[in-house]
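Numbering (the working numbering), first residue to last: 2 to 99. Every residue gets a Cβ at the ideal spot worked out from N, C-alpha and C, and that includes glycine. One structure below.
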């Protein structure tokens with residue numbers, strides 16, 4: 002499912018114009034990105050958490066030059082689904098098998 006598909010489905014379920022849904026969705030993504038960039042996690046009860054995970058400093062290999070490079074400690078964005086979300090997905094049926 003693409004972003005356009007999500008926008009179309011929300012629009013059809015709510016009756017809100019696709020343009021307004023698209024703008025709202027883009028603003029939501031912007032808020033998530035901005036807050037994660039500021040090291041602030043976002044918690045949505047019943048859905049999940051957008052969090053930053055810390056990656057430790059490590060030594061990696063550049064295979065083409067056969068050298069070692071150091072990758073500094075850094076953060077990567079991550080999504081952790083809520084238990085309710087996980088259970089809903091676990092108990093859902095596979096539409097391909099139905």
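Same chain, Cβ closer than 8 Å to residue 40, five either side skipped, listed in chain order: The count along the chain shown starts at 1 and reaches residue 40 at position 39. Here the set comprises 53, 76.
Determine the contact status of residue 78 and residue 48, defining contact as a CB-CB distance below 8 Å. Mapped onto the chain shown, residue 78 falls at position 77. Mapped onto the chain shown, residue 48 falls at position 47. Note that the C-beta distance between residue 78 and residue 48 is not below 8 Å.
Beta strand (DSSP E) segments (min. 3 residues) lying fully within the region 31-70: Within the region 31-70, the runs of beta strand (DSSP E) that reach at least 3 residues and sit entirely inside it are, in chain order, 43-45, 49-56, 59-63.
Run through the DSSP bridge pairs and tell me what residue 72 is partnered with. Within the chain shown, the letter at position 71 stands for residue 72. DSSP lists 59 as partners of residue 72.
For residue 64, count the other beta carbons within 10 Å of its own beta carbon; 16 or more makes it buried, fewer makes it exposed. Which is it? The residue you call residue 64 lines up with position 63 of the chain shown. Counting Cβ neighbours within 10 Å, residue 64 comes out exposed, since fewer than 16 surround it.
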